[in-house]
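J.: Note that numbering that gives the first Met the number 0 numbers the sequence shown so that position 423 is 422, with each residue one more than the last.
Quick reminder that beta carbons are idealized off the backbone N, C-alpha and C, glycines included.
This structure is a prediction, so every number in the text was calculated from the model and none was measured.
After the structure tokens below, expect a handful of questions from me.
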Amino acid sequence: MNSKGKTDINLIIKEKLDSLTAEFDKNGFIENHDELLKMITLVGEKPETHGEQQLRSDLLSMLAASRKMSKGEDSLYDSWLQEALKADPSNKRANGLLSVSKWNKNRSLLKNLLFPLIRETDNRTAKKKMAEQYIDICEEYIENLKETTEDLKRGLLAAKWNHDPELSGKYEQAVQCVSRIQGELSALLKASREYEESISGVFHTSAFFQDMKVHLDQIEELKFEWDSLFPVQSEDANGQDKSPLAELHSMIGMEEIKTRIDDFYHFLQYQKKRKELGLQSRDEQSLNMVLSGNPGTGKTTLARLLAKIYHELGVLPRGEVLEVDRSQLVGSYIGQTEENVKNIVERALGGVLFIDEAYSLKREGQSGNDYGQTAIDALVSFMTSQKYAGKFAVILAGYPEEMRQFLDANPGLRSRFPTSNHISLSDYSTEELILIAERTAAENDYILSDDAAAELKARIEKEKVDDTFGNARTVRSIVINAIFKKGAYTQLDNENILHFTLLTKEDFQLNETLPEVPPEEQLMALVGLKEVKEEIESLVSFVKMQQIRISQGLPVIPVQLHSVFTGNPGTGKTTVAKIYSELLKETGMLKRGHLIVASRADFVAGYVGQTALKTKKKIREALGGVLFIDEAYSLLSQSAGDFGKEAVDTLVDEMTRHNANLVVILAGYPHEMNMLLESNPGLQSRFKKFLHFRDYSNDEIIEIIKRYAARFQYIIDEDAFSYLRKYLGDTTVNGNGRYATSLVDEALQLQALRVMSAPDPSYSLQDLTVISTEDMKRAAEKLERG
Numbered sequence: 000m001n002s003k004g005k006t007d008i009n010l011i012i013k014e015k016l017d018s019l020t021a022e023f024d025k026n027g028f029i030e031n032h033d034e035l036l037k038m039i040t041l042v043g044e045k046p047e048t049h050g051e052q053q054l055r056s057d058l059l060s061m062l063a064a065s066r067k068m069s070k071g072e073d074s075l076y077d078s079w080l081q082e083a084l085k086a087d088p089s090n091k092r093a094n095g096l097l098s099v100s101k102w103n104k105n106r107s108l109l110k111n112l113l114f115p116l117i118r119e120t121d122n123r124t125a126k127k128k129m130a131e132q133y134i135d136i137c138e139e140y141i142e143n144l145k146e147t148t149e150d151l152k153r154g155l156l157a158a159k160w161n162h163d164p165e166l167s168g169k170y171e172q173a174v175q176c177v178s179r180i181q182g183e184l185s186a187l188l189k190a191s192r193e194y195e196e197s198i199s200g201v202f203h204t205s206a207f208f209q210d211m212k213v214h215l216d217q218i219e220e221l222k223f224e225w226d227s228l229f230p231v232q233s234e235d236a237n238g239q240d241k242s243p244l245a246e247l248h249s250m251i252g253m254e255e256i257k258t259r260i261d262d263f264y265h266f267l268q269y270q271k272k273r274k275e276l277g278l279q280s281r282d283e284q285s286l287n288m289v290l291s292g293n294p295g296t297g298k299t300t301l302a303r304l305l306a307k308i309y310h311e312l313g314v315l316p317r318g319e320v321l322e323v324d325r326s327q328l329v330g331s332y333i334g335q336t337e338e339n340v341k342n343i344v345e346r347a348l349g350g351v352l353f354i355d356e357a358y359s360l361k362r363e364g365q366s367g368n369d370y371g372q373t374a375i376d377a378l379v380s381f382m383t384s385q386k387y388a389g390k391f392a393v394i395l396a397g398y399p400e401e402m403r404q405f406l407d408a409n410p411g412l413r414s415r416f417p418t419s420n421h422i423s424l425s426d427y428s429t430e431e432l433i434l435i436a437e438r439t440a441a442e443n444d445y446i447l448s449d450d451a452a453a454e455l456k457a458r459i460e461k462e463k464v465d466d467t468f469g470n471a472r473t474v475r476s477i478v479i480n481a482i483f484k485k486g487a488y489t490q491l492d493n494e495n496i497l498h499f500t501l502l503t504k505e506d507f508q509l510n511e512t513l514p515e516v517p518p519e520e521q522l523m524a525l526v527g528l529k530e531v532k533e534e535i536e537s538l539v540s541f542v543k544m545q546q547i548r549i550s551q552g553l554p555v556i557p558v559q560l561h562s563v564f565t566g567n568p569g570t571g572k573t574t575v576a577k578i579y580s581e582l583l584k585e586t587g588m589l590k591r592g593h594l595i596v597a598s599r600a601d602f603v604a605g606y607v608g609q610t611a612l613k614t615k616k617k618i619r620e621a622l623g624g625v626l627f628i629d630e631a632y633s634l635l636s637q638s639a640g641d642f643g644k645e646a647v648d649t650l651v652d653e654m655t656r657h658n659a660n661l662v663v664i665l666a667g668y669p670h671e672m673n674m675l676l677e678s679n680p681g682l683q684s685r686f687k688k689f690l691h692f693r694d695y696s697n698d699e700i701i702e703i704i705k706r707y708a709a710r711f712q713y714i715i716d717e718d719a720f721s722y723l724r725k726y727l728g729d730t731t732v733n734g735n736g737r738y739a740t741s742l743v744d745e746a747l748q749l750q751a752l753r754v755m756s757a758p759d760p761s762y763s764l765q766d767l768t769v770i771s772t773e774d775m776k777r778a779a780e781k782l783e784r785g
């Protein structure tokens, strides 16, 4: 960049800086960090002129001040502040922040300056040991206070540069106080050495001992004087641990859960108070809980907090959680399961037993050698036994639907977990997940730029496809991966602090592999299908228009993308469905854009209760993409005891549930497809788009043959094409495009046999690439014979 261009940029930044400075002076911080970050990037990491250095310093100091206002004085704040002073040591704002920061960090300077008590009645060995400890403590603190003095002087200089007389005065008092403490420590060190020598020698010890006491008293007075320089802080500021209830309320989201736990907490407090008053409760409130929710919604974290709450209120003697799953409870032979459960319960006594994915204990259709039910029965037995009842709490966790079915199937277990103790944890909203991401970044001394937050939001929306989405767990993983990417591609000799503290859009972008040929081109390249292409183009254009309207804040028309493809086999239905899925992904309508091809066997089971589960599993597999059901009419069967109707009913329900996240295509013969739709009004109402795939003409079949052979660099003899035109005109063939590819595959094999069977094959280019009329004729006859 030439000097004029750079000057122009700096003038723009200076004007913007004046505006931001006015905002900073008014509010004490800048809310939009991204503006500051962009301007710091424009100035560059190595400013050349003094003016550029001042610009960079001013921007970094405002960034640090805003960080302090929103997050407090953390290591990220310290880094930006040091960078600001590195760019311009005379920066008034940065020096002011530094002086305050350094001042606050000295609060606990003398907290650990403690000496053991020496008694005249102690024996010689004890006195000598204590004296040695005094010597060590004095030597350590004298050395440490040398560095502290230099640090205080730098803080004093920063306060003076900032023209802050009040803070300058405090720094001067602190320098004097530390100097006097150093003097008293030196005197105490001398007295301690003399006292230590007198214990092993012939000198009189009482004089040295009295001398030590005088200096100890002086040090205690100076410590009190030091503490008086700092205002009293709240408990949180002094680093006291939060209560479990406070920890819960510091978590993002979960507002309804917080209210529920608040109520539960206060009830337990109320019960505790009644006991203190001597009142009895014949029916104690159960401590057992059921926590249901999808992955990453905080079930394990909540269980740990509940254990702490129980302990804090004296309900349980320990605040620990023992976390187990099926593998630790269920044995492989008779008697082992009961022993496993007993050992687990005894380990959990006094605390909380947490069983994750508890429904896995009871498996559908489990055989006689599966002891999951035995584990449940043993657990219930121990929970109600006189020996163990009330001495531990059990928390069960898992997916909502599976937990409901699990408890419904186990009355004995359900009765131990009252409905009031069932807590359902909802998925986090996208906004809450962004806050979790920002907190995760902050814990690692990073911040997210605005474009990074926008890219992360898009990533989250893309990941939220089905119930397996990991919520907070997934978001933390995305942030950690972004940090890894930042570290992997940042040059270590880079001096720009932003490269070590700022996550940008590029750090969150995925390197997705795009199809070699765009789906629009794939569609247009297909042979024939004129009406189908026009309909697909129309649908995709409509989807794109709705996406644009959304971005402009305009109302949108509900998009009906479920379709019925009718036509004979080999007319391109599956191929078009795959391209359709890729086009919908391209528009952002589908998150994954994959195609799942299914048939009756993927939905219908042979016994009661399994068809719905099988259908839901296949639909879950297709979420975010297109589910293509070939010969869909086969779901209906006239035979007694067939479960096809259950599959259709489940399909309708799931389509309603996942309307924005799934496209279903039903494919098959026209007449049979109409019968299927008429069999279920719900099914009929969900399919508005009908695409009919006509049989290919003879010319189109020949074109498919030609293109398919060309894909493998084969050339079909012109006489062979003449033969094909006549053959197709005289013969009715089945399969359309499928017939064309099968014909070429057969011709290729026959061509290879012909060449390899020659007495002296030459393997010329013609031998390797040309399909003769004879090859094609024999292939057609072979297919005709079947």
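Return the chain-ordered list of same chain residues with a C-beta closer than 6 Å to the C-beta of S60, the five sequence neighbours on each side being excluded.
T.: Within the sequence shown, residue 60 is the residue found at index 61, counting from 1. Only A83, N90, R92 and A93 meet the Cβ criterion.
J.: Does the stretch 255-267 come into contact with the stretch 307-326, if we say contact requires no fewer than three beta-carbon pairs (one atom in each stretch) closer than 8 Å?
T.: At 8 Å Cβ cutoff, the stretches touch.
J.: So, are the CB atoms of R656 and H561 less than 7 Å apart?
T.: The residue you call residue 656 lines up with position 657 of the sequence shown. The residue you call residue 561 lines up with position 562 of the sequence shown. No, they are not a contact pair.
J.: Which of helix, strand or coil does DSSP assign to M288?
T.: Start at 1 with the first residue of the sequence shown, and residue 288 comes out as number 289. DSSP places M288 in strand when its eight states are reduced to three.
J.: Among residues of its own chain, excluding the 5 on either side of S78, which ones have a beta-carbon nearer than 8 Å to its beta-carbon?
T.: Numbered from its first residue, the sequence shown carries residue 78 at position 79. Correct list, in chain order: D444, I496, F499 and T500.
J.: Report the residue from P518, T489 and P517 whose alpha carbon sits nearest the alpha carbon of E505.
T.: For the purposes of this step, residue 505 is identified with residue 506 of the sequence shown, where counting begins at 1. Ranking the options by Cα distance to E505, first place goes to T489.
J.: Express the C-alpha separation of K145 and Q181 in angstroms, rounding to a whole number.
T.: For this step, residue 181 is matched to residue 182 along the sequence shown. For this step, residue 145 is matched to residue 146 along the sequence shown. The alpha-carbon atoms of Q181 and K145 are separated by roughly 8 Å.
J.: Which same chain residues, not among the five before or five after G313, have their C-beta less than 8 Å away from its C-beta?
T.: The sequence position of residue 313 within the sequence shown is 314, counting from 1. So the list reads K271, once near-sequence residues are dropped.
J.: Which of helix, strand or coil does DSSP assign to A757?
T.: Sequence index remark: in the sequence shown, residue 757 carries index 758 (1-based). Coil, per DSSP.
J.: Could you tell me the boundaries of the beta strand (DSSP E) in which D77 lies?
T.: For this step, residue 77 is matched to residue 78 along the sequence shown. No beta strand (DSSP E) holds D77; the alpha helix (DSSP H) holding it covers S74 to A86.
J.: With distance defined between alpha-carbon atoms, name the residue in E511, L286, V596 and S419 nearest to R458.
T.: Position 459 of the sequence shown holds residue 458. Of the candidates E511, L286, V596 and S419, the one whose C-alpha sits nearest the C-alpha of R458 is E511.
J.: Beta-carbon within less than 7 Å of S167's beta-carbon, same chain only, minus the 5 sequence neighbours each way: which residues are those?
T.: Counted from its first residue, the sequence shown places residue 167 at position 168. Correct list, in chain order: L155, A158 and K159.
J.: Let me know if L278 comes out buried or exposed under the rule of 16 or more other beta-carbons within 10 Å of its beta-carbon.
T.: The residue labelled residue 278 in the question sits at position 279 within the sequence shown. With fewer than 16 Cβ atoms within 10 Å of its Cβ, L278 is classed as exposed.
J.: Between S65 and chain D, is the shortest Cβ-Cβ distance under 7 Å, so that the two count as touching?
T.: As a matter of chain content, chain D is missing from the structure shown, which is built from one protein chain.
J.: Over the uninterrupted beta strand (DSSP E) stretch that includes G566, give me the two end residues.
T.: Taking the first residue of the sequence shown as position 1, residue 566 is located at position 567. Run containing G566: S562 to G566, per the beta strand (DSSP E) assignment.
J.: Which class does K688 belong to by DSSP, given the choice of helix, strand or coil?
T.: Position 689 of the sequence shown, counting from 1, holds the residue named residue 688. Here K688 sits in strand by DSSP.
J.: Taking buried to mean at least 16 other C-beta atoms within 10 Å of its own C-beta, is M654 buried or exposed?
T.: Within the sequence shown, numbered from 1, the residue matching residue 654 stands at position 655. M654 should be labelled buried.
J.: Measure the beta-carbon distance from S291 to P417 and round it to whole angstroms, keeping in mind my assumption that it falls under 8 Å.
T.: Taking the first residue of the sequence shown as 1, we reach residue 291 at position 292. Taking the first residue of the sequence shown as 1, we reach residue 417 at position 418. In fact, because the Cβ distance is near 15 Å, the residues do not count as touching under 8 Å.
J.: In angstroms, rounded to a whole number, what distance separates the CA positions of K572 and F692?
T.: Taking the first residue of the sequence shown as 1, we reach residue 572 at position 573. Taking the first residue of the sequence shown as 1, we reach residue 692 at position 693. Looking at the two C-alpha atoms, the distance is approximately 7 Å.
J.: List the DSSP bridge partners of A392.
T.: In the sequence shown, the residue the question calls residue 392 occupies position 393. BP columns for A392 point to V351.
J.: Taking the CB atoms as reference points, tell me whether A481 and L502 lie closer together than 7 Å.
T.: Position 482 of the sequence shown holds residue 481. Position 503 of the sequence shown holds residue 502. Yes, the pair counts as a contact, with Cβ atoms nearer than the cut-off.
J.: What residues in its chain sit with their C-beta under 6 Å from that of G699, if we drop five residues either side in the sequence?
T.: Your numbering for residue 699 matches position 700 in the sequence shown. Reading off the sequence shown, one finds Glu at residue 699, where the question assumed Gly. Only V526 and G527 meet the Cβ criterion.
J.: Measuring CA to CA, which of D376, S65, L58 and V340 is closest to K85?
T.: Position 86 of the sequence shown, counted from the start, is the residue given in the question as residue 85. Closest option to K85, Cα to Cα, is L58.
J.: Nearest CA to the CA of E345: which residue from E356, G486 and A388?
T.: In the sequence shown, residue 345 corresponds to position 346, counting from 1. Of the candidates E356, G486 and A388, the one whose C-alpha sits nearest the C-alpha of E345 is A388.
J.: Is the beta carbon of T740 less than 7 Å from the beta carbon of Y707?
T.: On the sequence shown, position 741 is the one that residue 740 refers to. On the sequence shown, position 708 is the one that residue 707 refers to. Yes.
J.: Taking 8 Å as the limit between beta carbons, can you name the residues of its chain near E171, skipping five residues before and five after?
T.: Within the sequence shown, residue 171 is the residue found at index 172, counting from 1. Hits under 8 Å: L155.
J.: Can you have a look at N293 and say buried or exposed, based on whether 16 or more other CB atoms are within 10 angstroms of its CB?
T.: Mapped onto the sequence shown, residue 293 falls at position 294. Buried.
J.: Let me check understanding here. Comparing Cα to Cα, which of T48, N143 and P115 lies closest to Y133?
T.: Working through the sequence shown from its first residue, we reach residue 133 at position 134. Residue P115 is the option with its Cα nearest to Y133.
J.: Going by Cα to Cα distance, which pick from S756, W102, E220 and T124 is closest to L151?
T.: Along the sequence shown, one-based indexing puts residue 151 at 152. Ranking the options by Cα distance to L151, first place goes to W102.
J.: One question on the structure: do F381 and L348 come within less than 7 Å of each other, judged by their Cβ atoms?
T.: Counted from its first residue, the sequence shown places residue 381 at position 382. Counted from its first residue, the sequence shown places residue 348 at position 349. Not in contact: F381 and L348 (Cβ atoms no closer than 7 Å).
J.: So, with DSSP's three-state summary, where would you put I218?
T.: Here the question's residue 218 lines up with position 219 in the sequence shown. DSSP places I218 in helix when its eight states are reduced to three.
J.: Since I628 and A666 are thought to touch, with beta carbons under 8 Å apart, how far apart are those beta carbons, to the nearest angstrom?
T.: Taking the first residue of the sequence shown as 1, we reach residue 628 at position 629. Taking the first residue of the sequence shown as 1, we reach residue 666 at position 667. Indeed they touch by this definition, with Cβ atoms about 7 Å apart.
J.: For the 8 Å Cβ check, are there 3 or more pairs between the stretch 597-606 and the stretch 770-778?
T.: These segments do not touch.
J.: Taking all protein chains shown into account, do 16 or more other C-beta atoms lie within 10 angstroms of the C-beta of S419, making it buried, or fewer, making it exposed?
T.: For this step, residue 419 is matched to residue 420 along the sequence shown. It is exposed - the Cβ of S419 has fewer than 16 other Cβ atoms within 10 Å.
J.: Go through the stretch 380-466 residue by residue and report every complete run of the alpha helix (DSSP H) that reaches 4 residues or more, in order.
T.: For the stretch 380-466, whole alpha helix (DSSP H) runs of length 4 or above, ordered along the chain, are 399-407, 410-413, 429-442 and 449-462.
J.: Checking the sheet assignment: what are the DSSP bridge partners for I496?
T.: What you label residue 496 is simply residue 497 of the sequence shown in a count that begins at 1. In DSSP, I496 forms no bridge with anything.
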